[in-house]
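S.K.: Let me begin by handing over the structure; questions about it come next.
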Amino acid sequence: MKERIKDFIIKNLKWIILFICLIGFLALAEDVFNKEIMKGDIIGYKVVSTFLISDFATLIAKFITNFGGAIFLIILTILLIVVLKNKKVGLSICINLVVVTILNQLLKRLLQRPRPTEFRIIEETGYSFPSGHSMVSMAFYGYLIYLIYRFVKNKYLKWISIVLLSLLICLIGISRIYLGVHYTSDVLGGFLISISYLVIYISASNKFFKERKD
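So, in structure tokens, the structure goes:
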């Protein structure tokens, strides 16, 4: 019985991850829709405002947050399309960025959560939940992690790249809280729905690669 359960989990792990992340996102979205105050938002704000504020940290946060911005990601996508010899990979990167950006804007307009006003280092417009930088960064860099894992042969280059990109995703999310433009739940919600989306997109891209290969 235990072996069957283990085999089932291994075989369906990606769909289990999708389901768990989607449930987590929907729980947060319900609280946002009902305008409930979340303890995580209060704790996140207190941690940032009490322990992390400094001129140097602010400079770093402003720098890091740019890696999740639209201009940088568009430029990076164009460079990857030009540089990569495998054009179908470049195309899949471009489509991923477009789709997740549209999805994020749809969710923002659906839930219409105002941005925090208590603590603001930089100014941003638009709605707050889910965080666009966090959601798009998770999808974009998460997909790059998948491509690196699948196509890069050098073991050391592969894992160093995966670790650095994973760290970048986390830091972008933290920077949005630090800069006062998002609640903690905005960032967490962005990450969760983006992971669910990635499971579907990667599954679709696998079929795309196979079809193009055939």
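All residue numbers for the sequence shown refer to this note's numbering, where the first residue is 37 and numbers rise by one.
Note that the Cβ used here is the ideal one computed from N, Cα and C, for glycine as well.
Given the structure is predicted, the values throughout are model-derived calculations rather than measurements.
#1: Please list the terminal residues of the continuous alpha helix (DSSP H) segment that includes Y179.
#2: Check for me: the alpha helix (DSSP H) holding R145 runs from which residue to which?
#3: For the candidate residues L49, D77, C57, whose alpha-carbon lies nearest to that of S164?
#4: Quick check: the region 163 to 181 against the region 133 to 146, are at least 3 beta-carbon pairs closer than 8 angstroms?
#5: Going by DSSP, what residue range makes up the alpha helix (DSSP H) through E154?
#6: What separation, rounded to the nearest whole angstrom, lies between the Cα atoms of F155 and V217?
#7: If you drop the 5 nearest sequence neighbours on each side, which residues of the same chain put their C-beta closer than 7 angstroms to that of L183?
#8: Should G185 be labelled buried (16 or more other beta-carbon atoms within 10 Å of its own) or exposed?
#9: Going by DSSP in three states, D250 sits in which element: helix, strand or coil?
#10: On the premise that L64 lies in contact with S221, defined as a C-beta separation below 8 angstroms, what is that separation, rounded to the nearest angstrom?
M.R.: According to the structure data:
#1: For this step, residue 179 is matched to residue 143 along the sequence shown. Residues 168 to 187.
#2: Reading the sequence shown from its first residue, position 109 is the one you call residue 145. Note, R145: alpha helix (DSSP H), 123 to 147.
#3: Taking the first residue of the sequence shown as position 1, residue 164 is located at position 128. The residue with the shortest Cα to Cα distance from S164 is D77.
#4: Yes: the two stretches touch, three or more of their Cβ pairs being nearer than 8 angstroms.
#5: Locating residue 154 in the sequence shown gives position 118, counting from the first residue. Where E154 is concerned, there is no enclosing alpha helix (DSSP H), given that its DSSP letter is neither H nor E.
#6: Walking along the sequence shown from the start, residue 155 turns up at place 119. Walking along the sequence shown from the start, residue 217 turns up at place 181. F155 and V217: Cα-Cα distance of roughly 8 angstroms.
#7: As a position in the sequence shown, residue 183 is number 147, starting the count at 1. Cβ neighbours of L183 beyond the five flanking positions: V125.
#8: Along the sequence shown, read from residue 1 onward, the residue named residue 185 stands at position 149. Position check: residue 185 holds Tyr in this sequence, whereas Gly was assumed. Exposed, since its Cβ has fewer than 16 Cβ neighbours within 10 Å.
#9: Your numbering for residue 250 matches position 214 in the sequence shown. With a pLDDT of 46 at D250, under the threshold of 50, the predicted position of this residue should be treated as unreliable, though the coordinate-derived value follows. Three-state result, D250: coil.
#10: Indexing the sequence shown from 1 puts residue 221 at position 185. Indexing the sequence shown from 1 puts residue 64 at position 28. Contact between S221 and L64 holds, since their C-beta atoms are separated by about 5 angstroms, short of 8 angstroms.
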